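Just below is one structure, and these are the notes that go with it.
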Amino acid sequence: QLTASVGIYLASGTNLSFEVMYQAADLALYKAKEMGKHRFCITNGASVAEGQKEDYLPVSTIPLNGLLEAMDSGVALLEMGSVPRIIYVSPSFCRMIGVESLEYPVPQPLSQLVHPDDLNLLEQALREGLEKEQPVDHAHRISADGSYWAWWHIRAVHIRYDNPHPVMLVTTTDISRYKESEHRLQEINQRLQAAFDQTAQGLWEV
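Set out below in structure tokens:
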């Protein structure tokens, strides 16, 4: 059984010599070997001399494609520019909104997915999370075509990503059934309250 370790250098310019790029990739390879067998490491530092510890991104060998297809939650990458844009969606994300993964166009504005009444609060929460460097939890309505609105709970965290704007990793959970149950319970409570208002009895809710 064979394993391999790989060092990857992502060139950030066109004027770098082969020797500089080779040294950077070679150092990334040694970083990968330090983590154990069957690993790879990515760097985008301009040279070996400039490479800092945080420039190296170790990546484990979990088969991500299978994981992203099989999981119940959806995964997306959100580019937080002046207009937030979805730049990646997982197959499970597409399945949750009822579209084929290869037919969902990215990038596209976040406003194309989120209910207009929920968009401002969601964007405000995301930007506050970026500013405070904290995870963001939020519940809002989404729809792929505007015909049916489902309730989602998301968790968004800022990640390192090669992009001029901050990028957040978003995981999604469908909470529509919970919201429907909550709405039905509110209606029952309202009917009970209206009934008690017509009698001399009192209603205490704890």
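Counting in this note's numbering, the sequence shown runs from 13 upward without gaps. A virtual CB, placed ideally from N, CA and C, is assigned to each residue, including glycine. As the structure is a prediction and not an experimental result, all values here were calculated from the model.
Under 8 Å, do residue i and residue j count as touching if we go by C-beta distance?
{"i": "residue 11", "j": "residue 133", "result": "This structure leaves residue 11 out entirely; the chain is present only between 13 and 218."}
{"i": "residue 156", "j": "residue 187", "result": "no"}
{"i": "residue 122", "j": "residue 97", "result": "yes"}
{"i": "residue 101", "j": "residue 126", "result": "no"}
{"i": "residue 92", "j": "residue 142", "result": "yes"}
{"i": "residue 151", "j": "residue 161", "result": "no"}
Taking the alpha helix (DSSP H) that residue i belongs to, which residues open and close that run?
{"i": "residue 32", "result": "30-46"}
In terms of residues, what are the limits of the beta strand (DSSP E) holding residue i?
{"i": "residue 18", "result": "18-21"}
{"i": "residue 15", "result": "No beta strand (DSSP E) holds residue 15; DSSP gives it neither H nor E."}
{"i": "residue 211", "result": "Segment: none, residue 211 is in no beta strand (DSSP E) and carries neither H nor E."}
Please determine, among the options, the residue with the shortest C-alpha to C-alpha distance to residue i.
{"i": "residue 33", "options": "200, 19, 79", "result": "19"}
{"i": "residue 184", "options": "105, 94, 30", "result": "105"}
{"i": "residue 202", "options": "191, 217, 212", "result": "217"}
{"i": "residue 39", "options": "29, 30, 53", "result": "53"}
{"i": "residue 176", "options": "165, 94, 37, 16", "result": "94"}
{"i": "residue 167", "options": "159, 205, 146", "result": "146"}
{"i": "residue 49", "options": "14, 140, 124", "result": "14"}
{"i": "residue 159", "options": "46, 124, 193", "result": "124"}
{"i": "residue 107", "options": "120, 129, 81", "result": "81"}
{"i": "residue 99", "options": "112, 111, 120, 23", "result": "120"}
{"i": "residue 191", "options": "43, 207, 112, 165", "result": "165"}
Whole runs of the alpha helix (DSSP H) within the segment 66-136, excluding any shorter than 4 residues: The segment 66-136 contains these whole alpha helix (DSSP H) runs: 76-82, 103-109.
Segments of 3+ residues assigned as beta strand (DSSP E) that fall wholly inside the segment 141-201: 148-154, 162-171, 179-186
Using 8 Å as the Cβ pair cut-off and three pairs as the minimum, do the segment 81-100 and the segment 176-188 touch? yes
Three or more beta-carbon pairs under 8 Å between the segment 167-177 and the segment 197-207, yes or no? no
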